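The sequence shown begins at 1 in the UniProt record's numbering and counts up by one. Glycine included, C-beta positions come from ideal geometry on N, C-alpha and C. Model, not experiment: these values are computed from the prediction.
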Amino acid sequence: MEQLDADTAFLNTELKDRVYMDVPFGIENAKNYECQLNKAIYGLKQAASAWNKTIHRVFLGNGFKSCGADQCVYVKHSKNGFIYVCLYVDDMIIAAKTSEEIRIVKNALKNAFKMKELGPAKFILGMEIEHDMTAGTLMIKQTRYIDDVVERFGQENAKPVDNPCAVGLKLSK
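Right, dumping it as structure tokens:
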């Protein structure tokens, strides 16, 4: 499992709609002019949607299908099983059985966009990831989040318990 980040993702996105903006400050004699944007810029309302459509086309063009349950999860059948890509705006995790399959996907994405390789997936969206290939295990933890919640509610010195409710407690509607 490896992690990638698309550098300046929105700036790589062509706009389908006509969008105009005021001429940037500092350009002389621009009072009566406007600029037409050809590509998205950060802060533009359409930027995130345009980026998502752009990267979606790249995934489809490389044989991936969008998962029905979550359209930001892409799946591709390979000779070794499946290749998965989980996308969150411009951050992504690629999971496959072999490092060669991961390399092929990374190269396809690098051919389309400037990508930053972040190496093996360790931390994304507030979750810590531990992947042990030899043991065949994958652990996803939110230790930092739990520590923050404990601190926010002043429970750093609370006595640890095995079960958060009293033994034999009957719950009713």
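Practice task
Whole angstroms is fine: what's the gap from Cys67's alpha carbon to Phe59's?
Solution key: Here residue 67 is taken as the residue at index 67 of the sequence shown, counted from 1. Here residue 59 is taken as the residue at index 59 of the sequence shown, counted from 1. Those two C-alpha atoms are separated by around 12 Å.
Exercise for the section: Below 8 Å on the Cβ atoms is my guess for Val75 versus Phe82; work out the distance and round it to an integer in Å. Expected result: As a first step, residue 75 must be located in the sequence shown, where it is residue number 75. As a first step, residue 82 must be located in the sequence shown, where it is residue number 82. Contact between Val75 and Phe82 holds, since their C-beta atoms are separated by about 6 Å, short of 8 Å.
Problem - Residues near Glu156 by beta carbon distance below 8 Å, same chain, minus five either side - result: Within the sequence shown, the letter at position 156 stands for residue 156. Cβ within range, chain order: Val150.
Exercise for the section: List the whole-angstrom C-beta distance separating Leu11 from Lys116, where the pair is believed to meet the contact cut-off of C-beta under 8 Å. Expected result: Residue numbering aside, residue 11 sits at position 11 when the sequence shown is read from its first letter. Residue numbering aside, residue 116 sits at position 116 when the sequence shown is read from its first letter. Between Leu11 and Lys116, the beta carbon gap of about 14 Å keeps them out of contact (Cβ cut-off 8 Å).
Problem - Helix, strand or coil at Ile27 according to DSSP, with G and I counted as helix - result: Stepping through the sequence shown from its first residue, residue 27 is reached at position 27. Coil.
Exercise for the section: Let me know the secondary structure DSSP gives Gln14 once reduced to three states. Expected result: In the sequence shown, residue 14 corresponds to position 14, counting from 1. Sequence check: residue 14 is Glu here, not Gln. Reduced to three states, the DSSP call for Glu14 is strand.
Practice task
Have a look at Lys97 and Asn80 and give me their C-alpha separation to the nearest angstrom.
Solution key: Taking the first residue of the sequence shown as position 1, residue 97 is located at position 97. Taking the first residue of the sequence shown as position 1, residue 80 is located at position 80. Cα to Cα, Lys97 sits roughly 7 Å from Asn80.
Problem - Alpha carbon of Lys31 to alpha carbon of Leu44, nearest angstrom - result: For the purposes of this step, residue 31 is taken as the residue at position 31 of the sequence shown. For the purposes of this step, residue 44 is taken as the residue at position 44 of the sequence shown. Near 22 Å, if we compare the C-alpha coordinates of Leu44 and Lys31.
Problem - Local Cβ density within 10 Å of Ala69, reported as buried at 16 or more and exposed below that - result: Start at 1 with the first residue of the sequence shown, and residue 69 comes out as number 69. With fewer than 16 other Cβ atoms within 10 Å, it is exposed.
Handout entry: Length of the line joining the Cα atoms of Glu128 and Lys122
Key = Position 128 of the sequence shown, counted from the start, is the residue given in the question as residue 128. Position 122 of the sequence shown, counted from the start, is the residue given in the question as residue 122. Each residue's Cα considered, the two are about 6 Å apart.
Exercise for the section: Flag this pair as touching only if the region 103-119 and the region 138-146 have three or more C-beta atom pairs under 8 Å; answer yes or no. Expected result: no
Exercise for the section: Report the three-state DSSP secondary structure of Ser66 (helix, strand or coil). Expected result: Locating residue 66 in the sequence shown gives position 66, counting from the first residue. Note: Ser66 maps to strand in three-state DSSP.
Practice task
Under 7 Å Cβ to Cβ from Tyr33, same chain only, skipping five residues before and after it: list those, please.
Solution key: Mapped onto the sequence shown, residue 33 falls at position 33. Only Val23 meet the Cβ criterion.
Problem - DSSP state of Thr137 mapped onto helix, strand, coil - result: Within the sequence shown, numbered from 1, the residue matching residue 137 stands at position 137. Three-state DSSP puts Thr137 in a strand.
Problem - Assumed close pair Ala50, Leu15 - CB separation to whole angstroms, cut-off 8 Å - result: Here residue 50 is taken as the residue at index 50 of the sequence shown, counted from 1. Here residue 15 is taken as the residue at index 15 of the sequence shown, counted from 1. Correct: roughly 6 Å between the Cβ atoms.
Practice task
Step through the CB atoms of chain D and report whether any lies within less than 8 Å of the CB of Arg103.
Solution key: You won't find chain D in this structure, because it holds only one protein chain.
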